[in-house]
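Everything on this sheet refers to the single structure shown next.
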Amino acid sequence: MTENIDVNTVAEVVQVDPNALDKFMKELPDHLLIFGVRVILCLLVFWVGGRIISLLRKIVRKAMEKSKLDPGASSFIDSFLKAVLYVILIFLILTSFGVNAASLAAILGSAGVAIGLAIQGSLANFAGGVLILLLKPFVIGDYIEESAHGHAGVVTKIQVFYTYLRTLEGREVVIPNGQLSNNSLVNFKGNHTAGCLIPVGVSYDTDLKMAREVLIGAIEENPYVLKEKGYSVNVKEFADSAIVFTVFCHFRVESYYMAKTSLLIGIKEAFDQEGITIPFTQIDLQIKRDMV
13 MTENIDVNTV
23 AEVVQVDPNA
33 LDKFMKELPD
43 HLLIFGVRVI
53 LCLLVFWVGG
63 RIISLLRKIV
73 RKAMEKSKLD
83 PGASSFIDSF
93 LKAVLYVILI
103 FLILTSFGVN
113 AASLAAILGS
123 AGVAIGLAIQ
133 GSLANFAGGV
143 LILLLKPFVI
153 GDYIEESAHG
163 HAGVVTKIQV
173 FYTYLRTLEG
183 REVVIPNGQL
193 SNNSLVNFKG
203 NHTAGCLIPV
213 GVSYDTDLKM
223 AREVLIGAIE
233 ENPYVLKEKG
243 YSVNVKEFAD
253 SAIVFTVFCH
263 FRVESYYMAK
273 TSLLIGIKEA
283 FDQEGITIPF
293 TQIDLQIKRD
303 MV
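Take a look at the structure:
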């Protein structure tokens with residue numbers, strides 16, 4: 013089916029005002045100026061708002077210090093307050109920039125599901141932080157060891173999404189709160205000492221009483237061993253190639269690895285002085301040749 017098209021009608025539809033481009037070019041500098049002023053004002057408002065947020069956080073921190081609130085709870089509240097205040101500040105800046113508040117709320121509402129899926133890990137960490145704050149499985153200053161990856165250290169900060177540990181080597185480990193709340197952990201709960209169990213093997217021709225006295229002497233001479241916590245040296249077993257002693261003592265947590273190394277070196281040097289052999293596995297290979 014063929015329709016007749018009125019050429020004049022089409023021409024009227026597509027006709028463009030020849031002065032429109034000139035008008036746009038003349039108004040462009042004004043629009044750019046207004047836009048630039050708005051951007052500068054937004055940056056200025058963000059800067060001033062950031063200073064106000066810092067001041068409010070400082071006031072809240074001092075109030076929490078006076079109330080003797082738990083340091084972990086104080087750190088959590090401070091980081092949560094910071095996040096909330098910055099969200100409010102950005103929302104106010106967007107609305108002052110001309111973004112309709114109702115439209116912005118509608119957009120955020122419609123995108124809520126997608127945002128929830130995208131940040132579900134962060135939400136789990138936030139929930140974990142709340143549980144840590146309420147149940148207090150550990151507080152700042154505790155030495156803990158988590159089971160998921162074996163990280164251990166002193167808790168230095170508990171924030172909204174993450175907890176910070178300082179290891180014995182001085183490294184900072186950042187662990188998601190969700191991981192800490194969903195897995196088992198060991199909390200030494202203010203106990204700044206740790207027990208150390210060291211197996212030591214001696215050959216079967218060794219005088220066991222003398223070997224035990226040498227081990228006790230190595231413990232007594234070691235400056236890292238906490239003698240007041242007690243120690244023990246006992247025969248554990250008759251193994252395939254050695255008689256195994258177990259040496260148990262206590263060190264301070266912050267010097268654990270250095271102390272253990274020092275004690276092992278001391279035991280080896282004491283054995284060398286007394287001629288005591290630490291056996292090691294050996295394989296004797298015998299080749300039999302058939303006589304022709």
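In this text, residue positions in the sequence shown follow the numbering used here: the first is 13, and each later residue adds one.
All C-beta atoms, glycine included, are put in the ideal place defined by N, C-alpha and C.
C-alpha distance - residue i paired with residue j, whole-angstrom precision
i: residue 305; j: residue 48; result: Nothing about residue 305 can be reported from this structure: the residues present for the chain run from 13 to 304 only.
i: residue 147; j: residue 99; result: 28 Å
i: residue 169; j: residue 271; result: 27 Å
i: residue 269; j: residue 275; result: 10 Å
i: residue 249; j: residue 257; result: 7 Å
i: residue 289; j: residue 279; result: 11 Å
i: residue 145; j: residue 107; result: 34 Å
i: residue 232; j: residue 180; result: 24 Å
i: residue 26; j: residue 55; result: With a pLDDT of 48 at residue 26, under the threshold of 50, the modelled position of this residue cannot be trusted; read the value that follows with caution. Near 42 Å, if we compare the C-alpha coordinates of residue 55 and residue 26.
i: residue 159; j: residue 187; result: 12 Å
i: residue 291; j: residue 247; result: 16 Å
i: residue 42; j: residue 50; result: 12 Å
i: residue 215; j: residue 142; result: 56 Å
i: residue 59; j: residue 87; result: 23 Å
i: residue 211; j: residue 164; result: 23 Å
i: residue 22; j: residue 104; result: In this prediction, residue 22 has a pLDDT of 47, which is less than 50 and means its spatial position is unreliable; what the coordinates show is noted afterwards. The straight-line gap from Cα to Cα measures roughly 47 Å.
i: residue 69; j: residue 77; result: 12 Å
i: residue 378; j: residue 189; result: Outside the shown range of the chain (13 to 304) lies residue 378, about which nothing can therefore be said.
i: residue 266; j: residue 230; result: 21 Å
i: residue 184; j: residue 300; result: 59 Å
Other residues of its chain near residue i: CB distance less than 8 Å, five sequence neighbours each side excluded
i: residue 72; result: 89, 90 and 93
i: residue 44; result: none
Close Cβ partners of residue i (< 6 Å) along its chain, the five nearest in sequence each way excluded
i: residue 224; result: 245
i: residue 286; result: 226
i: residue 262; result: 205, 207, 238 and 241
i: residue 65; result: 97
i: residue 157; result: 164 and 198
Exposure of residue i, with buried meaning 16 or more beta-carbon neighbours within 10 Å
i: residue 254; result: buried
i: residue 293; result: exposed
i: residue 277; result: exposed
i: residue 172; result: buried
i: residue 305; result: The requested residue 305 does not occur in the structure, where the chain is confined to residues 13 to 304.
i: residue 192; result: buried
i: residue 109; result: exposed
i: residue 162; result: exposed
i: residue 62; result: exposed
i: residue 182; result: exposed
i: residue 282; result: buried
i: residue 75; result: exposed
CB contact check: residue i to chain C, cutoff 9 Å
i: residue 100; result: Absent here is chain C; the protein component of the structure consists of one chain.
Same chain, Cβ closer than 7 Å to residue i, five either side skipped, listed in chain order
i: residue 251; result: 213
i: residue 209; result: 258 and 260
If contact is defined by three or more beta carbon pairs under 8 Å, each pair taking one atom from either stretch, is the region 171-180 in contact with the region 207-219? no
Can we say the region 189-202 touches the region 236-243, given the rule of at least three CB pairs closer than 8 Å? no
Check whether the region 78-97 touches the region 134-149, taking contact to mean three or more Cβ pairs, one atom from each stretch, closer than 8 Å. yes
Output the residue ranges of the alpha helix (DSSP H) runs that lie fully inside the region 202-247 and measure 4 residues or longer, sorted by chain position. 220-233
Note down, one range per segment and in chain order, each alpha helix (DSSP H) of at least 4 residues found wholly within the region 153-192. none
Going residue by residue through the region 245-301, where are the continuous beta strand (DSSP E) segments of at least 3 residues, counting only ones entirely within it? 255-264
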